[in-house]
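Under the numbering used here, think of the first position of the sequence shown as 14, with each following residue one higher. Note that beta-carbon positions come from the ideal geometry of N, C-alpha and C, so glycine has one too. Everything numeric in this text was worked out from a predicted model, so none of it was measured.
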Amino acid sequence: MRTLCLYAMIAWILVLPMDLLLGDPHWLWHPVRGMGKLVQILEGRLYPREEERSSESSGKTQAEQRDWLIRQGRSARLRGGILVLLIVLVTAALTGGLLALAFHLHWFFGVALWSIMGWQAIAARSLATESMKVYDALKKHDILAARRAVSMIVGRDTDSLDEAGICRATVETVAENSSDGVIAPLCCLWLGGPVLAFVYKAINTMDSMIGYRNDRYRDFGTAAARLDDLVNFPFSRLSALSMIAAVFIWRGRGVGSRALGIFRRDRFCHKSPNSAQTESVMAGALGLQLGGDASYFGKSVHKSTIGDPLREIEAEDIPRACHLMYLTTGIVWGLGLMVLLLLVVFL
14 MRTLCLYAMI AWILVLPMDL LLGDPHWLWH PVRGMGKLVQ ILEGRLYPRE EERSSESSGK
74 TQAEQRDWLI RQGRSARLRG GILVLLIVLV TAALTGGLLA LAFHLHWFFG VALWSIMGWQ
134 AIAARSLATE SMKVYDALKK HDILAARRAV SMIVGRDTDS LDEAGICRAT VETVAENSSD
194 GVIAPLCCLW LGGPVLAFVY KAINTMDSMI GYRNDRYRDF GTAAARLDDL VNFPFSRLSA
254 LSMIAAVFIW RGRGVGSRAL GIFRRDRFCH KSPNSAQTES VMAGALGLQL GGDASYFGKS
314 VHKSTIGDPL REIEAEDIPR ACHLMYLTTG IVWGLGLMVL LLLVVFL
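See below:
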């Protein structure tokens, strides 16, 4: 047990510096791409296209149509659950098998692979880099380039966003992905090594691909969306509390207390039980009002506001949000290292 903790500590020490130095190079294949490709393949096998399903219901009475839709919904939910189960099992088996092989060859190869997988599981540098592309475009007063840059990191429609809307979308993305893309996989890496971290990434990938509430995925994506909500429930709250600690360190007691207050008031101001956790802290820390109505796939979606509009949002809030994300990540990484060190010393 002590030896395993030592290996984990060595890998843990390497993971965050690797991410901060290397980020997510475009030339390097990323496991998430493989997960996404597998989701596409299984979706094509398990779930027929929407137009094919619609044609099967023609010529039926209204009652028959209703019964058919109910059966189709149940079938779609079952097949979506099968997809989720297969993706999780394949991800865990491949990751665990590769790690076992590496450690079987030599502990050095095992630790090296653990570190590389851990680096690929977190995305602090990548999140900051993509967000700063939006900031750079805004500083050059190139609204079209800013819209293109923000469209790469958000799911909403960006064609009609003004500068304030672009800044708000970017800050919200940094806040939410501080948990989904950084803190949560980092915690999974600490708790269960690369296997759990990659399983988490697989769940997150499935939710981002099929977890929508539109006509096609409302039933088929139910399992992916609910599993994502479930696994993120503890991590989103841990991320928010860590971010509150970071605000106290960065901005002092006054702003930290304000962030804590907004968190307690607005942390459930979202349809998702998790998304507003870190967004509320970010809004309180920066003195902004986030959230509000947004357009998705051409349809306006009502969303509650988060935070108080103490001032107008500006481009400089993007690097501020990234700074808070980095500080939060450092706190979690440092705490994880301390616990691992204690385990190595006292076990």
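Positions of the alpha helix (DSSP H) runs, each at least 4 residues long and wholly inside the stretch 188 to 232, are given as 197 to 223 in order along the chain.
According to the DSSP secondary-structure assignment, serine 313 is paired through a beta bridge with Ser308.
Residue burial annotation: proline 207 is buried, with at least 16 other C-beta atoms found within 10 angstroms of its C-beta. The beta carbon of valine 357 is closer than 7 angstroms to those of Arg15, Cys18, Leu19, Met22 in its chain, skipping five residues each way along the sequence. In this structure, DSSP gives threonine 186 a helical state, which the three-state scheme calls helix. Sequence-distant partners of glycine 224 (beyond 5 residues in either direction) whose C-beta falls short of 8 angstroms from its own C-beta, in its chain, are Tyr230, Gly234, Ala237, Ala238, Asp241.
Checking the DSSP bridge columns, you'll see leucine 303 partnered with Ile319. Distances from the alpha-carbon of histidine 43 to those of Thr142, Pro322, Leu91, Ile129 put Ile129 closest. Per DSSP, reduced to three states, the secondary structure at valine 352 is helical. Here methionine 219 is actually not in contact with valine 45; their C-beta atoms are around 11 angstroms apart, not less than 8 angstroms. In the three-state DSSP reduction, asparagine 287 falls in the coil class, being neither helix nor strand. Taken atom to atom, the span from the alpha-carbon of leucine 102 to that of glutamate 292 is near 32 angstroms. Under the DSSP assignment, arginine 161 falls in the alpha helix (DSSP H) whose first and last residues are 156 to 164.
In this structure, DSSP gives serine 270 a helical state, which the three-state scheme calls helix. Going by C-alpha positions, leucine 174 is about 23 angstroms away from arginine 226. Under the three-state reduction of DSSP output, serine 139 falls in the helix class. Contact between threonine 186 and serine 255 does not hold, since their C-beta atoms are separated by about 18 angstroms, which reaches or exceeds 8 angstroms.
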